[in-house]
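Letter by letter, the sequence shown follows residues 14 to 575 of the working numbering.
For every residue, glycine included, the Cβ atom is placed at its ideal position computed from N, Cα and C.
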Amino acid sequence: MKQTLAYSYVRFSSPEQAKGDSFRRQTEAARKYCNKHGLELADLRFHDLGISGYKGNHFTQGALGDFVEAIEQGKVRGGSYLIVESLDRLSREEVDIAFSRFASILRADIKIVTLQDGKVFSRASLKNTTDILVSILVMLRAFEESESKANRIREARDEKHRQARENKKPTGYRPPDWVRTVKDADSGKPKYELIPERAEVIKRIYHLNNSGMGAIVIARLLNEERIPPWGRSKTGWQTSYIKKILKARTVLGEYQPHIVTNRVREAVGEPVFGFYPAVIDPNTFKLAQMTMTARDKRSGGVRKDKVNNLFTGLAKCKHCGNTMHFVDKGKPPKGNQYLLCSLAKTGAVHNGVSCKRASIRYQQTEDAILTVAATLNLKFEPPTNKGEVERLQSQLSEVHADLGTAEEAIVRITNAIAELPDSSGLIAKLAELELQKREKKSEYQAIENRIDELNLVPQASSVWNELQQELKVFREDASDRTNVKLRTKINNQLLNSIDRIEFDNHAKIVTIHIDSKRIVEIRFEEKMKGYTVKPSWDNREFFPNTFIIKEQIRKVHYEKEQ
Numbered sequence: 014m015k016q017t018l019a020y021s022y023v024r025f026s027s028p029e030q031a032k033g034d035s036f037r038r039q040t041e042a043a044r045k046y047c048n049k050h051g052l053e054l055a056d057l058r059f060h061d062l063g064i065s066g067y068k069g070n071h072f073t074q075g076a077l078g079d080f081v082e083a084i085e086q087g088k089v090r091g092g093s094y095l096i097v098e099s100l101d102r103l104s105r106e107e108v109d110i111a112f113s114r115f116a117s118i119l120r121a122d123i124k125i126v127t128l129q130d131g132k133v134f135s136r137a138s139l140k141n142t143t144d145i146l147v148s149i150l151v152m153l154r155a156f157e158e159s160e161s162k163a164n165r166i167r168e169a170r171d172e173k174h175r176q177a178r179e180n181k182k183p184t185g186y187r188p189p190d191w192v193r194t195v196k197d198a199d200s201g202k203p204k205y206e207l208i209p210e211r212a213e214v215i216k217r218i219y220h221l222n223n224s225g226m227g228a229i230v231i232a233r234l235l236n237e238e239r240i241p242p243w244g245r246s247k248t249g250w251q252t253s254y255i256k257k258i259l260k261a262r263t264v265l266g267e268y269q270p271h272i273v274t275n276r277v278r279e280a281v282g283e284p285v286f287g288f289y290p291a292v293i294d295p296n297t298f299k300l301a302q303m304t305m306t307a308r309d310k311r312s313g314g315v316r317k318d319k320v321n322n323l324f325t326g327l328a329k330c331k332h333c334g335n336t337m338h339f340v341d342k343g344k345p346p347k348g349n350q351y352l353l354c355s356l357a358k359t360g361a362v363h364n365g366v367s368c369k370r371a372s373i374r375y376q377q378t379e380d381a382i383l384t385v386a387a388t389l390n391l392k393f394e395p396p397t398n399k400g401e402v403e404r405l406q407s408q409l410s411e412v413h414a415d416l417g418t419a420e421e422a423i424v425r426i427t428n429a430i431a432e433l434p435d436s437s438g439l440i441a442k443l444a445e446l447e448l449q450k451r452e453k454k455s456e457y458q459a460i461e462n463r464i465d466e467l468n469l470v471p472q473a474s475s476v477w478n479e480l481q482q483e484l485k486v487f488r489e490d491a492s493d494r495t496n497v498k499l500r501t502k503i504n505n506q507l508l509n510s511i512d513r514i515e516f517d518n519h520a521k522i523v524t525i526h527i528d529s530k531r532i533v534e535i536r537f538e539e540k541m542k543g544y545t546v547k548p549s550w551d552n553r554e555f556f557p558n559t560f561i562i563k564e565q566i567r568k569v570h571y572e573k574e575q
């Protein structure tokens, strides 16, 4: 005769219990029960390890929910057994919810065995007053225990948050990886301090990022220099951790209290400033965010092992205005590298426009553009954003005042609601004010971000001068596409000092747009073995009286500027 199947369900809430004996104990007890009562322990078992039964996650997202689904799908047949250590393993939710789940399993003709007391609940138990009362009392006790524990944890957490805000007292939680907890020499109380060698790595990561290097390149550089990682990775620096550091406001010394709801961290209140020792200043941090945002808008410039295209984010097709992409068709003479119009490449039509002016040779254009960058002196107008910044700061003050007025009104109405018996009208007004407050906060943040952008935009003249110095010293190195650090920096410098570069493959002309008023044209010979260069502010004709005459690639003859 075929034995009746029994299914084991094991659950414990704390991940630490996995290291102990809880799982083995519950599993072994289920096996012994089956042997004693002639049941067959099914191979299909259900485990919720490290999942609390208090919030119901084991049912909505875990294995107990899978078990109920298996019943509904007929995979677990009526007459089978579900073996648990006790009813509180099934649920620690509020009694009405816990009993509903319990009853739904019994109604499906599944018997529930509690190993702790050897009790067997069946469909008939739902008509048995004693069984109902016993199950409800167990569920009530389980809920009250979990509720009490949750309250104690919540109170302890709130007290830590209060102490952090009021006294800057260390929370006992793990600090950032570049900070450690030590005892104050005078008071003996715990305090935070920077780990010097790690703080230097943080500063370097920000410097490299703000110089134009992406997270992939930074991680590889740190690994090549054998700088030991101190995140969770055991195999070296990871891109994800570099990005996390670059976005972490803890480098500014901020601590943001959190609560965890359904395993999701949620910020509580405003951040605590000056809680940790700062390792990065606010301007450097803001510049890092701007740099990453700008980099995210571009794509294709940086690769893991080389930088092929120095003009990512700048290269545009003269004919249709679309982006020019780097294409490698192999080594000469059979192959070559090109900048290819993205529209021509796909044959697509954009805004009713198609493009057949496909490509221009890459190496010759790079060589010419870098030569121009190394030799052409540019005079930039001083920044003219002072008036804009002052206007925005005035606007910011107005929004800040409006925000304060809204907050004061919210406090007054909240107090009035507590005192009046009928406050429905006030509640509607409160909701309106809360909406206004959120909108004003968003407006304030947007204005503040714009001011930061205007204050932190690198001056084009200083960036161009720095680029020229780099090229004078490292001109040969700049052509090495595996020199990721240098070529990434040059790309970033070009992005911060000129507007765009247009490529006309038909006429063999490259146009560097310095700004809205000035351009520099590079005209190549038919076979691109030489070229001439003429800035828009030089009124002489192109040939033979030119600003620069280049007869062969990498051999340059200069004329004095008139």
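Exposure label - residue i; buried when at least 16 CB within 10 Å
i, result
"Tyr186", "exposed"
"Gly417", "exposed"
"Lys331", "buried"
"Ile255", "buried"
"Lys573", "Confidence at Lys573 is low in this model, with a pLDDT of 35, below 50, so the placement of that residue should be treated as unreliable; the coordinate-derived value is given next. Exposed, because fewer than 16 other Cβ atoms sit within 10 Å of the Cβ of Lys573."
"Glu237", "exposed"
"Glu515", "buried"
"Pro183", "buried"
"Val315", "Caution applies to Val315, whose pLDDT of 46 falls short of 50 and renders its modelled position unreliable; the model cannot decide the point."
"Gly438", "exposed"
"Leu103", "buried"
"Tyr20", "buried"
"Asp197", "exposed"
"Asp190", "buried"
"Pro203", "exposed"
"Asn509", "buried"
"Arg233", "buried"
Nearest neighbour of residue i, chosen from the options [CA to CA]
i, options, result
"Leu57", "Asn48, Lys45 and Ala76", "Ala76"
"Thr40", "Lys15, Gly92 and Ser99", "Ser99"
"Val97", "His60, Pro270 and Leu146", "His60"
"Glu158", "Glu210, Lys498, Arg105 and Lys15", "Arg105"
"Tyr46", "Gln74, Glu85, Ala419 and Gly131", "Gly131"
"Glu269", "His174, Leu439 and Phe487", "Contrary to the premise, residue 269 reads as Gln rather than Glu in this sequence. Here the closest residue by C-alpha is His174."
"Met226", "Lys196, Gln506, Gly92 and Arg404", "Gln506"
"Met337", "Lys344, Cys368 and Ala307", "Cys368"
"Leu596", "Thr194, Leu235, Glu168 and Ser492", "In the structure displayed, the chain extends from 14 to 575; residue 596 sits before or after that span and is not available."
"Tyr22", "Thr127, Lys68, Lys485 and Leu52", "Thr127"
"Asn478", "Ile511, Lys453 and Lys450", "Ile511"
"Arg136", "Trp250, Ser93, Ser161 and Ala163", "Ser93"
"Leu54", "Thr73, Leu18 and Lys344", "Leu18"
Distance CB(residue i)-CB(residue j) smaller than 8 Å
i, j, result
"Tyr219", "Tyr289", "no"
"Arg513", "Leu327", "yes"
"His413", "Tyr457", "yes"
"Leu139", "Ala169", "no"
"Val576", "Val230", "Here the chain comprises residues numbered 14 to 575, so residue 576 is not present and cannot be evaluated."
"Val281", "His271", "yes"
"Val285", "Ile215", "no"
"Ala387", "Gln481", "yes"
"Ile460", "Leu409", "yes"
Inter-residue Cα distance where the pair is residue i and residue j
i, j, result
"Ile258", "Pro241", "16 Å"
"Ala121", "Leu95", "12 Å"
"Asn321", "Ser372", "16 Å"
"Phe80", "Ile123", "11 Å"
"Ile527", "Arg278", "47 Å"
"Gln302", "Lys260", "7 Å"
"Leu10", "Asp341", "This structure leaves residue 10 out entirely; the chain is present only between 14 and 575."
"Ala419", "Arg451", "10 Å"
"Ser312", "Met305", "Low confidence applies to Ser312: its pLDDT is 49, below 50, so where it sits in the model is not reliable, and the reading given next is rough at best. Their backbone Cα atoms lie some 12 Å apart in a straight line."
"Lys329", "Thr545", "21 Å"
"Ser253", "Arg245", "11 Å"
"Ile532", "Val523", "10 Å"
"Ile426", "Val108", "37 Å"
"Asn462", "Ala163", "40 Å"
"Gly51", "Gln74", "32 Å"
"Asp199", "Ala212", "25 Å"
Near the ligand NAD: residue i beta-carbon under 7 Å from a heavy atom
i, result
"Gly201", "Looking for the ligand NAD in the displayed structure turns up nothing, as the structure carries no ligands at all."
Residue-chain proximity (residue i, chain C), Cβ-Cβ < 8 Å
i, result
"Phe115", "The question asks about chain C, but that chain is absent: this structure has only one protein chain."
With a threshold of 8 Å, are at least 3 pairs of Cβ atoms found where one atom belongs to the region 526 to 545 and the other to the region 367 to 383? Contact between the region 526 to 545 and the region 367 to 383 is present, because at least three Cβ pairs lie under 8 Å.
Tell me, please, whether the region 143 to 153 touches the region 105 to 125 by the rule of three or more beta-carbon pairs shorter than 8 Å. Yes: at least three Cβ pairs fall under 8 Å.
Report yes or no: do three or more beta-carbon pairs, one from the region 225 to 239 and one from the region 495 to 505, lie closer than 8 Å? Because the criterion of three Cβ pairs below 8 Å is met, the region 225 to 239 and the region 495 to 505 touch.
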